[in-house]
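In my numbering, the protein residues as written are 1211 to 1526.
From the three backbone atoms N, C-alpha and C, an ideal C-beta is built for every residue, glycine too.
Keep in mind it's a predicted model, so treat the numbers as computed, not measured.
To keep things clear, I will list the structure first and then write my remarks on it.
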Ligand code: NAD
Ligand code: UGA
């Protein structure tokens, strides 16, 4: 099968592309190598794909690339390109979010509508940030989205666009709402990566607020598995599915686990809470189980240790 992965040089996109190639698919990946973080990190994410039969890298921006050519004979699109990060999305940076998360998604959907006659699935990488401080926990897909960050607003707008194109043009779309993803290749702005790096360099770990905020951290291989299953799932176009890690874990719990893995006491600096951060995320995964046969498999202790080992091996 010929598959397009957008955002292929990123944390999740590169991990997904490796899995798809090893499953025998022909994968085309596109990425603009945005400057949100160091290009060399993105190049290293692609190291195992370079020169591999069945993988083609296109450097390009979804807002300007010739998408008709990019989509030639593509049967499945995994749309992971985007501007992530909750806390940077205020102020002048907001246009990075509207460009990458809204305009690029709309342009891709238009191109899919016109130039991808063989398409059987369009998967959109949505986000738990659409819920904001949710109505209840575990949050279900039908609960009212009420984002608390400009980033969340743009991810929800992208999801609405996907559903709009599904409803009007029958694009076989599914949106997967990821809950704080972690593991090897995690972005350098995210909590676990920062905490591990700071610990390894014996610097006080930068905690926002008192550390009681809660996430259901989700391991990257579990996210990839759900993407693979979403390809064949029998779902209505425009279906939305939570992918949540299954265990409510506070930032303070993470610090305790990391101290054990690191093997030495951690120094912690507790600063102000970050604007746009929600207090809690946690998703009901019944729908993922029913529609995709998916459940989170990786526990946080082992998953965090794997991310620690990856960073230690990378940085020496
Ligand atoms: P990432 O920044 O590592 O990867 C995104 C990639 O998209 C980057 O390599 C970037 O260069 C590329 N990109 C950005 N704009 C582009 C454009 N206009 N054209 C082509 N490429 C472009 O981020 P990630 O953590 O791997 O996240 C991937 C997707 O999953 C994003 O859409 C993000 O919103 C979503 N998501 C991530 C998480 C998480 O916890 N990491 C959670 C929920 C949703
Ligand atoms: C993550 C991703 O960064 C978003 O792109 C994604 O869309 C979102 O998950 C999601 O689930 O939708 P976030 O939950 O903020 O956002 O992920 P982390 O950066 O790993 O932060 C987790 C927690 O650690 C947050 O409560 C944050 O306040 C805290 N944190 C983060 C710190 O205390 N210190 C830091 O240096 C970084």
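Which of the three DSSP states is assigned to residue i in this structure?
| i | result |
| --- | --- |
| residue 1331 | strand |
| residue 1321 | helix |
| residue 1239 | strand |
| residue 1234 | coil |
| residue 1269 | strand |
| residue 1430 | helix |
| residue 1310 | helix |
| residue 1222 | helix |
| residue 1281 | coil |
| residue 1299 | coil |
| residue 1497 | helix |
| residue 1315 | helix |
| residue 1250 | helix |
| residue 1229 | helix |
| residue 1305 | helix |
| residue 1262 | coil |
| residue 1337 | strand |
In or out: residue i buried (at least 16 other Cβ within 10 Å) or exposed?
| i | result |
| --- | --- |
| residue 1377 | exposed |
| residue 1473 | exposed |
| residue 1527 | Because the chain is modelled from 1211 through 1526, residue 1527 falls outside the range shown and cannot be assessed. |
| residue 1216 | buried |
| residue 1228 | buried |
| residue 1485 | exposed |
| residue 1324 | exposed |
| residue 1410 | exposed |
| residue 1432 | buried |
| residue 1414 | exposed |
| residue 1364 | buried |
| residue 1489 | exposed |
| residue 1369 | buried |
| residue 1298 | buried |
| residue 1517 | buried |
| residue 1249 | exposed |
| residue 1294 | buried |
| residue 1291 | buried |
| residue 1426 | buried |
| residue 1499 | exposed |
Could you check how far apart the C-beta atoms of residue i and residue j are, in whole angstroms? I think they sit under 8 Å.
| i | j | result |
| --- | --- | --- |
| residue 1223 | residue 1242 | Not quite, the Cβ-Cβ distance comes to about 12 Å (not below 8 Å), so this is no contact. |
| residue 1524 | residue 1452 | Not a contact, Cβ separation roughly 31 Å. |
| residue 1428 | residue 1462 | So it is not a contact: roughly 19 Å between Cβ atoms. |
| residue 1491 | residue 1505 | That belief does not hold up - the Cβ atoms of residue 1491 and residue 1505 are roughly 18 Å apart, past 8 Å. |
List the endpoints of the continuous alpha helix (DSSP H) containing residue i.
| i | result |
| --- | --- |
| residue 1462 | 1461-1472 |
| residue 1363 | 1360-1379 |
| residue 1480 | Run containing residue 1480: none in the alpha helix (DSSP H); it sits in the beta strand (DSSP E), 1478-1481. |
For residue i, report the span of its beta strand (DSSP E) as first-last.
| i | result |
| --- | --- |
| residue 1288 | 1286-1289 |
| residue 1256 | First-last for residue 1256: undefined, no H or E at that position. |
| residue 1521 | No beta strand (DSSP E) holds residue 1521; the alpha helix (DSSP H) holding it covers 1510-1525. |
| residue 1485 | Looking at the DSSP string, residue 1485 is not in any beta strand (DSSP E), and its letter there is neither H nor E. |
| residue 1215 | 1212-1216 |
Any Cβ of chain B within less than 7 Å of the Cβ of residue i?
| i | result |
| --- | --- |
| residue 1316 | Included in the structure is just one protein chain, with no chain B present. |
Original post:
Where in the stretch 1382-1465 do unbroken runs of the beta strand (DSSP E), each at least 3 residues long, occur, reported from the N-terminal end onward?
Top reply: Positions of the beta strand (DSSP E) runs, each at least 3 residues long and wholly inside the stretch 1382-1465, are given as 1383-1388, 1415-1418, 1449-1453 in order along the chain.
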